[in-house]
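In this note's numbering, the protein residues as written are 177 to 596.
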């Protein structure tokens, strides 16, 4: 009996040794003014690789347009932090599995499920088992109950349903999710179960903007301005922290506490199975099987400066561009963005007044069927939400929860967007 027990323990230990670590990294935006999202993801990729992650175990989504954008002063290179010298090109050696039109919420969820359809197309999907840990990092815009992809949205209830399916189908042992987006707390608050071995952190709570950093005039590499913010405040702190510590020593809760201390413009939140946060970050953000880096890297010290609300990212980019170009075209671009901002403000101020919405109410108990229907209706009648306009999806949520009938909502939009 004793010999059997020893043999069983040995087999279990051997099985765990063979367990793997997987990562899915997603930049959900495109266009040069959103440079920072892809830079965040490329940095994440480099950090994981530097700590022994297998390339085959990392799946990367990125539109892949900023490295080759005509505005990029360093063609074929991308930077996630400023530097007095040549800097660290986080695009170097990157392997992007889903790019351009393939960066979709459907593909993302299918990857998590290990889709046979994608595999038959020769695409990489998550191959994790019940013995493996999974790390997911997402960087892009967000709003109440959703995160954005280049041309559509991923709603929180669809993400949670996929995570629950993964749990029921033994697709992971434990999972850690980090989300860099405005109102990202609404992706998990009150809807991520605490009993499916998933721990999540977000750049902001359910009602506030996240922030970008290393913006003009602190967007320079080797004395040359990139012309766009290089990173997001939460993401930059996550991966600069990872680059500078021993992942076999620092825990997820220690990393979280550092984020809370360093990020004072939004509220970093955590959800799900909080007990996972007692584990070392190497269990998810490094390949433990390869051992920790014996010489923890000490990054070049750069003060996080020039933070900008992500809601005003495009305006900041266009204004900075106009300051440099002083052309009629650049002036018109700034005026157009200001007009768009004013139009969103005007439309939703009128909507608030018309239906006496309590816009100070707490975001909770999201009716996703109603929200999806009304967001689609708004975009059909009034045009797509801009990155700034996404802040008002919260107001659409309030029309669902504060008794506004669909007919009245549609009639209001017809008058505001088509008749006037």
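All C-beta atoms, glycine included, are put in the ideal place defined by N, C-alpha and C.
Taking just the CA atoms, how far does residue j sit from residue i?
i           : j           : result
residue 288 : residue 556 : 30 Å
residue 598 : residue 567 : With the chain covering only 177 through 596, there is no way to say anything about residue 598.
residue 570 : residue 360 : 12 Å
residue 263 : residue 589 : 49 Å
residue 583 : residue 333 : 25 Å
residue 476 : residue 482 : For residue 476, the predicted model reports a pLDDT of 49, less than 50, meaning its position is unreliable; a value from the coordinates is still stated below. Answer to the nearest angstrom: the Cα atoms are 18 Å apart.
residue 315 : residue 284 : 13 Å
residue 265 : residue 250 : 10 Å
residue 461 : residue 319 : 26 Å
residue 459 : residue 292 : 28 Å
residue 398 : residue 449 : 43 Å
residue 542 : residue 297 : 36 Å
residue 491 : residue 392 : 12 Å
residue 261 : residue 396 : 10 Å
residue 591 : residue 453 : 50 Å
residue 424 : residue 386 : 29 Å
residue 421 : residue 433 : 14 Å
residue 326 : residue 455 : 34 Å
residue 224 : residue 354 : 14 Å
residue 437 : residue 525 : 35 Å
residue 362 : residue 378 : 9 Å
residue 376 : residue 364 : 8 Å
residue 348 : residue 538 : 33 Å
residue 412 : residue 587 : 44 Å
residue 195 : residue 308 : 5 Å
residue 470 : residue 431 : With a pLDDT of only 44 at residue 470, under 50, the local geometry of the prediction cannot be trusted, and the value read off the model is given with reservation. Spanning the two alpha carbons is a distance of roughly 19 Å.
residue 209 : residue 513 : 13 Å
residue 255 : residue 267 : 8 Å
residue 205 : residue 248 : 17 Å
Using beta-carbon positions only, say whether residue i and residue j come within less than 8 Å of one another.
i           : j           : result
residue 212 : residue 403 : no
residue 258 : residue 410 : no
residue 384 : residue 442 : yes
residue 564 : residue 517 : yes
residue 519 : residue 578 : no
residue 203 : residue 237 : yes
residue 221 : residue 235 : no
residue 299 : residue 273 : yes
residue 374 : residue 351 : yes
residue 594 : residue 572 : no
residue 457 : residue 428 : yes
residue 540 : residue 269 : no
residue 494 : residue 510 : yes
residue 544 : residue 580 : no
residue 486 : residue 576 : no
residue 426 : residue 216 : no
Give the secondary structure of residue i by DSSP, where H, G and I count as helix, E and B as strand, and everything else as coil.
i           : result
residue 207 : coil
residue 368 : coil
residue 585 : helix
residue 347 : coil
residue 375 : strand
residue 590 : helix
residue 325 : coil
residue 499 : helix
residue 354 : strand
residue 333 : helix
residue 317 : coil
residue 457 : coil
residue 307 : coil
residue 401 : strand
residue 196 : coil
residue 409 : helix
residue 386 : coil
residue 226 : helix
residue 506 : helix
residue 485 : strand
residue 595 : helix
Shorter than 7 Å, the distance from the beta carbon of residue i to the closest heavy atom of the ligand FMN, or not?
i           : result
residue 406 : The ligand FMN is absent from the structure shown, which contains no ligands of any kind.
What whole-angstrom Cβ distance do residue i and residue j have, given they're in contact under 8 Å?
i           : j           : result
residue 447 : residue 368 : 5 Å
residue 330 : residue 281 : 4 Å
residue 229 : residue 199 : 6 Å
residue 243 : residue 231 : Incorrect: roughly 19 Å between the Cβ atoms, too far for contact.
residue 372 : residue 343 : 4 Å
residue 240 : residue 276 : 7 Å
residue 328 : residue 381 : Residue 328 to residue 381, Cβ: 24 Å. No contact.
residue 416 : residue 405 : Incorrect: roughly 15 Å between the Cβ atoms, too far for contact.
Q. In chain order, which alpha helix (DSSP H) runs of at least 4 residues are fully inside the segment 418-455?
A. 428-438
Q) In chain order, which alpha helix (DSSP H) runs of at least 4 residues are fully inside the segment 511-582? A) 544-558 and 569-577
Q. For the segment 228-301, which segments carrying the alpha helix (DSSP H) assignment without a break, of at least 4 residues, lie completely within its bounds, in sequence order?
A. 281-289 and 292-296
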